[in-house]
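First up is the structure itself, then whatever we jot down about it.
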Amino acid sequence: MRRAAVLGTGQTQHQTRRTDVSMAGLCREAIDRALADAGVDWPQIDAVVLGKAPDLFEGVMMPELFLADALGAAGRPLLRVHTAGSVGGATGVVATSLVRAGVHQRVLAVAFEKQSESNAMWALSIQPPFTAPIGAGAGGYFAPHVRAYIRRSNAPEHVGAMVAVKDRRNGALNPYAHLRQPEITLESVRASPMLWDPIRYDETCPSSDGACAIVIGDQAAAEASERPVAWIRATAMRTEPTYFAGKDHVNPRAGAEAAQALWQAAGITDPLAEVDVAEIYVPFSWFEPMWLENLGFAEAGHGWKLTESGETQIGGRLPVNPSGGVLCSNPIGASGMLRFAEAARQVMGRAGEHQVAGAKTALGHAYGGGSQFFSMWVVGDTAGR
Amino acid sequence: MDTASAPPLAAPLDIAFDYTRSLGPVLGRFMTGLRDRRVLGARTADGRVHVPPLEYDPMTHTPVTELVSVSPTGTVTSWTWTDRPLDGQPLDRPFGWALIRLDGADTALLHAVDAGTRESMRTGMRVRVRWAAERSGDIRDIACFEPGPGPPRAPDDTTGGDPGSAPGTNSDPATSGDPVIGIVTPIRLSYTHTTSAEESRYLHALAEGRLLGQRCPACRKVYVPPRVCPADGLPTEEEVPVRDHGTVTTFCVVNVPFAGQRLEPPYVVAQVLLDGADIPIPHLILGQAGDVRMGMRVAAVWRDPTTWTTTPENIAHFRPTGEPDAPYESYQEHL
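Chains as they are written, first to last, in our numbering: chain A, 7 to 391; chain B, 141 to 475.
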């Protein structure tokens, strides 16, 4: 298959409200930074792919229509990708596919969310007729599955809080992060209000305005780049129904199968030994150990041991979310692409204060819906096989 | 009732939210201009003036920075007519939808023309802005356009003069103020929600105080509520009664208030695996709420039968039965 590489990435300053910019301006802040990082100008972009979480989140039907000018899509193909919270990752995968298929040489992938213009809790709690009024937003949806994980793995209760402390302190190293809390402690997390028992306030992602953009190029474009690129070694996407009898919400089959396909395509047989850093979609703290197992970094029931022993900190065997992750910045539509972009920044050596020393191989991961959509990629500092 | 032939059920689903929009520098100036009875256009690198303004030049992709005043008068370049205006449209009587190129602009703006009759509309006709009496910095500050050759009259202007609508001027200090940086965009959606045949049978049974499951012909799993099996893609057909007793497989204590919430926190939402079913249903657990635990045995608390309708709300909540907890192995596949 043809090779593809990340030529550059860009992201906004993520925060609760970006009232200084429109949706177009928010996207362009990320796009302009990505083009500059890639050393690429508009004439070299062949196509644009936009990812955005469900339209009800902003109340704009098909934002790609009115954003086309701002996204530089005039005269180019523009595609929109929909896969709920995983959409940022899926958008990166679609852009990669366009390059690897030989259709385009350079593709701009963009994803955004302006949560301040809406209310995601409201949008996720719409009650259709003939149903009981028991919805409780994303936290209410995922909390029972976190409880099931704790029961199944016998994980100590403090592991979730440990993830929150790690990610928020990592976020303090990331100038783009929404929440930057260098002083956070295990005690302060455990003292924070219990929102959706067993999920505490400090173990929950914020609501952010933000955008992310990635420029993906083919082999010739990558080799022409004056700066290091991140070679895309493999991508994978899998889907499963939100509900079915016997669905494993703790260790979803679609996620496990996507990971298996990913490692195989990347030529990785021992992910924990061969991956240097992982940016994993962790909107609630306990999803770090859950996804470590789903992704094959640990046996089922043992993911929490990597977290508890400090191996997922910067400096550990597998630093997870050195950028601070979704727990520090959550512009929903962009959150998956941020994971993909941060993985690329690590292997390009451009992650700044949260750079993992010597990172050569990195994972970017996203999931969405009721643990329904999974998208992931492996990037490396060399093209690999 | 023969639930096998139950007709589909339908009910309205109306949702609404007042979304906000931060405008950014270009649209912010445009909206501020409207509030002050000025129409601004964006000049792009090719010299063209776009009304409404574009935030980014579609040719050079650079941010637009130059805004220029255009005239509140213009020419209809194309149009259609609507006899039955919808709620929320600019006028509540028949009007023309027109593309209007304002004098000084190179692009056309879509807006309503209060022409009275279809026969009064024609391509090439001259129109002018009718300003809204109350302006807030919103596209609706232009109430509509009206036929006429001259500059617009202010809504409070009975002398026919021109108190401030000439391009580039603003002599109406009462409407001046801080720059407009955001608008509110109320969105309302009205659906008719119709149930599937499988769900309809379930709901009709609920109205009779019965809980009905259906078995997938392929995987043999019993779905409550019945549905096309998500794993096999096959309609469920064989009806299987399930008990209104079950086991809590896992749960969440909701302590957080949020927009659209129907219950006052704290409350417990549990996944309840009804006896005889292979997939849990989410429901409320009341009574000894603090003691809710995985494996707890619970029973449905039905509302007064005289109030039963085709809704799962016939079950008010579930209560602990006091039976010994179900062993973990009995429900671990249904978390």
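For each residue, glycine too, the CB sits at the ideal point set by N, CA and C.
Residue j beta carbon less than 7 Å from that of residue i
{"i": "B/R241", "j": "B/T217", "result": "yes"}
{"i": "A/L344", "j": "A/A284", "result": "no"}
{"i": "B/P192", "j": "B/V269", "result": "no"}
{"i": "A/W48", "j": "A/G78", "result": "yes"}
{"i": "A/E119", "j": "A/P337", "result": "yes"}
{"i": "B/E379", "j": "B/Q354", "result": "yes"}
{"i": "B/Y159", "j": "B/T325", "result": "yes"}
{"i": "A/R8", "j": "A/G108", "result": "yes"}
{"i": "B/P230", "j": "B/A252", "result": "yes"}
{"i": "A/W269", "j": "A/A11", "result": "no"}
{"i": "A/S198", "j": "A/R206", "result": "yes"}
{"i": "B/A371", "j": "A/F250", "result": "yes"}
{"i": "A/D282", "j": "A/K172", "result": "no"}
{"i": "A/F63", "j": "A/A129", "result": "yes"}
{"i": "A/A219", "j": "A/G16", "result": "yes"}
{"i": "B/V166", "j": "B/E206", "result": "no"}
{"i": "B/R383", "j": "B/D415", "result": "yes"}
{"i": "A/S329", "j": "A/N180", "result": "yes"}
{"i": "A/C33", "j": "A/A167", "result": "no"}
Assumed close pair residue i, residue j - CB separation to whole angstroms, cut-off 8 Å
{"i": "A/T241", "j": "A/T25", "result": "Contact flag wrong, Cβ pair sits at about 36 Å."}
{"i": "A/G68", "j": "A/P234", "result": "In the sequence under discussion, the amino acid at residue 68 of chain A is Met, which differs from the Gly named in the question. The pair is not a contact, with the Cβ atoms about 37 Å apart (cut-off 8 Å)."}
{"i": "B/E473", "j": "A/G252", "result": "6 Å"}
Proximal residues of chain B, C-beta to C-beta of residue i below 8 Å
{"i": "A/F136", "result": "L149, A151, H333, T335, E339, L343, T450, T451, P452"}
{"i": "A/A142", "result": "C392, V394, V396, F398, Q401, V409"}
{"i": "A/Y249", "result": "P370, I419"}
{"i": "A/H88", "result": "None at all; the shortest Cβ gap to chain B is about 18 Å."}
{"i": "A/H255", "result": "L475"}
{"i": "A/G65", "result": "F157, Y159, T325, I327"}
Interface flag, residue i vs chain A, CB-CB below 7 Å
{"i": "B/H251", "result": "no"}
{"i": "B/I327", "result": "yes"}
{"i": "B/Y471", "result": "no"}
{"i": "B/L207", "result": "no"}
{"i": "B/A245", "result": "no"}
{"i": "B/P370", "result": "yes"}
{"i": "B/S276", "result": "no"}
{"i": "B/Q411", "result": "yes"}
{"i": "B/M434", "result": "yes"}
{"i": "B/P193", "result": "no"}
{"i": "B/I155", "result": "yes"}
{"i": "B/T215", "result": "no"}
{"i": "B/P422", "result": "yes"}
Close Cβ partners of residue i (< 8 Å) along its chain, the five nearest in sequence each way excluded
{"i": "B/V441", "result": "L426, I455, A456, H457, F458, R459"}
{"i": "A/M82", "result": "What sits at residue 82 of chain A in the sequence shown is Arg, not Met. For A/R82, where only same-chain residues beyond five positions count, the Cβ hits under 8 Å are I51, D52, A53, V54."}
{"i": "B/T257", "result": "P234"}
{"i": "A/G261", "result": "R244, W297, N300, L301, Y373, S377, F380"}
{"i": "B/G349", "result": "W442, P445, W448, N454"}
Neighbourhood of residue i by C-beta distance below 6 Å, restricted to the same chain and skipping five residues each side
{"i": "B/H333", "result": "A151, L153"}
{"i": "A/A265", "result": "L301, G302"}
{"i": "B/A255", "result": "G236, M261, P287"}
{"i": "B/Y471", "result": "T387, T389, L413"}
Beta carbon proximity, residue i to chain B, threshold 7 Å
{"i": "A/V27", "result": "yes"}
{"i": "A/W132", "result": "It is Ile, not Trp, that sits at residue 132 of chain A in the sequence shown. Yes, A/I132 counts as interfacial toward chain B."}
{"i": "A/T127", "result": "Note that residue 127 of chain A is Met in the sequence shown here, rather than Thr. Cβ-Cβ to chain B under 7 Å: yes for A/M127."}
{"i": "A/M296", "result": "no"}
{"i": "A/G252", "result": "yes"}
{"i": "A/M200", "result": "yes"}
{"i": "A/G14", "result": "no"}
{"i": "A/P139", "result": "yes"}
{"i": "A/A38", "result": "First, the amino acid is wrong: residue 38 of chain A is Asp here, not Ala. Not an interface residue."}
Neighbouring residues, chain A, relative to residue i (Cβ below 7 Å)
{"i": "B/Q354", "result": "Chain A residues near B/Q354: none, gap ~11 Å exceeds 7 Å."}
{"i": "B/I321", "result": "T25"}
{"i": "B/H201", "result": "W48, G78"}
{"i": "B/R175", "result": "Within chain A, no residue comes near B/R175; the closest Cβ sits about 18 Å away, beyond 7 Å."}
Residues near residue i in its chain [Cβ-Cβ closer than 7 Å; skip 5 each side]
{"i": "B/T309", "result": "Note on B/T309: pLDDT 42, under 50, position unreliable in the model; the coordinate value appears next. Correct list: empty, nothing qualifies."}
{"i": "A/W310", "result": "S159, A161, V165, P295"}
{"i": "B/I327", "result": "A156, F157, Y159"}
{"i": "A/T248", "result": "G375, G376, Q378"}
{"i": "A/G98", "result": "A115, I220, M343, F346, W383"}
Proximal chain B residues relative to residue i, where beta-carbon distance stays under 7 Å
{"i": "A/D52", "result": "Near A/D52 there are no residues of chain B at all, since even the closest Cβ is about 14 Å away, more than 7 Å."}
Partner residues on chain A for residue i, Cβ-Cβ distance less than 8 Å
{"i": "B/T390", "result": "P150, H151, R153, A154, R157"}
{"i": "B/A399", "result": "N125, M127, W128, S131"}
{"i": "B/G164", "result": "D26, V27, S28, A30, G31"}
Interface residues of chain B facing residue i [CB-CB closer than 9 Å]
{"i": "A/D75", "result": "L194, E195, Y196, D197, P198, H201"}
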